[in-house]
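Since the structure comes first, as structure tokens, the remarks are kept for the end.
2 protein chains.
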Amino acid sequence: MAEPIPIIGGTGALGYGLAVRWAQAGEHVVIGSRQAERAAEAADRVRAAAPDAEVEGLQNAEAAGRGPIVFLTVPFRAQSETLTNLRDALQPGQILVDCTVPTAAAFGGKASRTIGVWQGSAAQQAEEMAPEGVTVISALHTVSAPALAGGEAVEEDVLICGDRKTDKARVAELVERIDGLRAVNAGALETARIVETLTPLLIAINARYKSRAGIRITGLPDDHWG
Amino acid sequence: MAEPIPIIGGTGALGYGLAVRWAQAGEHVVIGSRQAERAAEAADRVRAAAPDAEVEGLQNAEAAGRGPIVFLTVPFRAQSETLTNLRDALQPGQILVDCTVPTAAAFGGKASRTIGVWQGSAAQQAEEMAPEGVTVISALHTVSAPALAGGEAVEEDVLICGDRKTDKARVAELVERIDGLRAVNAGALETARIVETLTPLLIAINARYKSRAGIRITGLPDDHWG
């Protein structure tokens, strides 16, 4: 039986969209929020969209302990504080999937502009802050949150960065539980500094096309995790 | 009748690949090189691949004057010197399409690592250096040069950045003369700093998949230059 999927910041747009899709795919989802009541309320909404699903809503720190692969979907400006609060909750052996996007929106600027993170990327900042033994993987920066939450058909790739292929493959498996998503091995964790900038790029494209654009990598072999 | 397409640095991998495809599509191509003999030799090779095509090989400065939309496909480390040499050759009203990629390969490092350009991107450096009245557009960073030159089928997008949509649309038209390429309006010229990093990203992906990967933007409307 599959283990629960904790989503830290699961009341936000991306976290909620992922929760809905995983719940609809039969996964057991645990929504985390700073406030337990907001988490419970979001869990109710997910259950409405996926009536047969097992969905819990808990405070972030409690949620983080509920499964081996933890998704961090808070806004970038809350990443550092959230990881500080999770320091005792995350355990060696867990995988932390950082989905945060460092854009100028973090301090009131445009979401189509990147900001420079000293460590190189938000993912590398997460790695610096995560407890010893927790592996950080970077993923899910290019999937439209409203498209996920709205039940729209998606047909696109999720670029996964990290330093160990086996860990990336475990995250890939969860990503591909969502209909229409294909996981692509996009390189070492340091490559997250490129992938994280795809969000502002897509925001710039969406502004022109009134679209909910995503990314597809062309020319890959079929057996792409082989 | 269509005007010639000057390709500065057309003896290099990307420039040569573009020359072959445009020649095969019936366009008149002008290959530029620092040395006229090397340009002539590349032009011979293009003619061998596209026997009916009109192809010239000229020194860069001479080539640059032969058509309204000039493609700059030199390695990034040669961009600055090349633009200095073209200062008298480029004329107001021309469009300069910068295809250079600022990676650490410019000083012997890895091509999968970006470098920071003070102006924000190679394209913005080109804009700073281009003569008054010459518009700079950024494009063609994600198309595999060997795939183009080798005649492989491609089915992917070319992201085009620039500050005026009408200029981008003119470049888009030339890009789409190549079978399988779709041009996407990726935003203002400043967005080139993101698009230019897609080359190192694809290099990282190709290293893992032994592929010649490209990019496709999903979720766009059909009439994408309307």
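Note that the protein sequences, when read in sequence, are chains E and L.
Residue 222 in the working numbering sits at position 197 of the first sequence, and the numbers go up by one each step.
Residue 93 in the working numbering sits at position 68 of the second sequence, and the numbers go up by one each step.
Just so you know, even glycine gets a beta-carbon here, dropped at the ideal spot from N, CA and C.
Ends of the beta strand (DSSP E) at residue i?
i, result
"Q84(E)", "V80 to Q84"
"G278(E)", "Since the first residue shown for chain E is 26 and the last is 251, residue 278(E) is missing from the structure and cannot be characterised."
"L39(E)", "Segment A38 to Q49 is the alpha helix (DSSP H) holding L39(E); no beta strand (DSSP E) there."
"G57(L)", "V54 to S58"
"L97(E)", "I94 to L97"
"P31(L)", "I30 to I33"
"S169(E)", "Run containing S169(E): none; DSSP gives neither H nor E here."
"V122(L)", "I120 to D123"
"S163(L)", "T160 to S163"
For residue i, count the other beta carbons within 10 Å of its own beta carbon; 16 or more makes it buried, fewer makes it exposed. Which is it?
i, result
"F132(E)", "exposed"
"R241(E)", "buried"
"P117(E)", "exposed"
"D123(E)", "buried"
"P127(L)", "buried"
"D247(L)", "exposed"
"W143(E)", "exposed"
"E177(L)", "exposed"
"T191(E)", "exposed"
"K193(L)", "buried"
"G239(E)", "buried"
"G244(E)", "buried"
"G82(L)", "buried"
"E181(L)", "buried"
"G37(E)", "buried"
How far does the alpha helix (DSSP H) with residue i in it reach, from first residue to last?
i, result
"R70(L)", "A61 to A74"
"T107(L)", "Q104 to N110"
"Q150(L)", "A147 to M154"
I want to verify the contact list: residues of chain E whose CB lies under 8 Å from the CB of residue i, in sequence order.
i, result
"P246(L)", "Y234, K235 and S236"
"L165(L)", "By Cβ distance, chain E contributes nothing, its closest Cβ being about 15 Å from L165(L), past 8 Å."
"V209(L)", "I230"
Hey, is residue i close to the ligand NAP, as in C-beta under 7 Å from one of its heavy atoms?
i, result
"P171(L)", "The ligand NAP is absent from the structure shown, which contains no ligand whatsoever."
Could you tell me which chain L residues have their CB closer than 7 Å to the CB of residue i, listed as they occur along the chain?
i, result
"E181(E)", "T243"
"P225(E)", "I219"
"T222(E)", "I219 and T222"
"H249(E)", "Y234"
Could you name the residues of chain L that residue i contacts, counting a contact when the two beta carbons are closer than 9 Å?
i, result
"L115(E)", "What L115(E) touches in chain L: nothing, since even the nearest Cβ is about 27 Å away."
Run through chain E and tell me which residues come within less than 7 Å of residue i, C-beta to C-beta.
i, result
"A147(L)", "Simply none; closest approach about 15 Å."
Under 8 Å Cβ to Cβ from residue i, same chain only, skipping five residues before and after it: list those, please.
i, result
"Q60(E)", "Q84"
"L97(E)", "I33, G34, Q104, T107, L108, L121, V122, D123, C124, T125 and A151"
"A217(L)", "D123, G145, S146, A147, A148, Q149, S163 and C186"
"V196(L)", "I94, I120, V122, I162, A164, I185, G187 and A208"
"R237(L)", "S169, P171, A172, E177 and N231"
"L199(L)", "I30, W47, E52 and I94"
"E157(L)", "P117"
Beta-carbon within less than 6 Å of residue i's beta-carbon, same chain only, minus the 5 sequence neighbours each way: which residues are those?
i, result
"D188(L)", "A213 and L214"
"E152(E)", "V161"
"L165(E)", "C124 and V183"
"V99(E)", "G34 and T107"
"V159(E)", "L115, Q119 and L121"
"V80(E)", "A48, V54, A68, V71 and R72"
Whose C-beta lies closer than 7 Å to the C-beta of residue i among residues of the same chain, with five residues either side of it excluded?
i, result
"V45(E)", "V71, A74, A75, L173 and A174"
"G92(L)", "E28, P29, I30, P31 and V55"
"I228(E)", "A136 and S137"
"A130(E)", "A136"
"E201(L)", "R207 and A208"
"A155(E)", "L108, L115, L121 and V161"
"P225(L)", "T128, A136, S137, R138 and T139"
"A89(E)", "P31, I33, G57, V95, L111, A114 and L115"
"Y41(E)", "G35, A67 and A174"
"A211(L)", "L184, I185, C186 and V220"
"E52(L)", "A27, I30 and R202"
"L223(E)", "H166, T167 and I240"
What residues from chain E crowd round residue i, counting only those whose CB sits closer than 9 Å?
i, result
"T139(L)", "R218 and I219"
For residue i, which residues in chain L fall below 8 Å Cβ to Cβ?
i, result
"G239(E)", "I242, T243 and G244"
"G212(E)", "S137, L226, A229, I230, A232 and R233"
*asked:* Could you tell me which whole beta strand (DSSP E) segments of length 3 or greater appear in the stretch 175-224 of chain E?
replied: Runs of the beta strand (DSSP E) inside the stretch 175-224 of chain E: 181-186 and 206-212.
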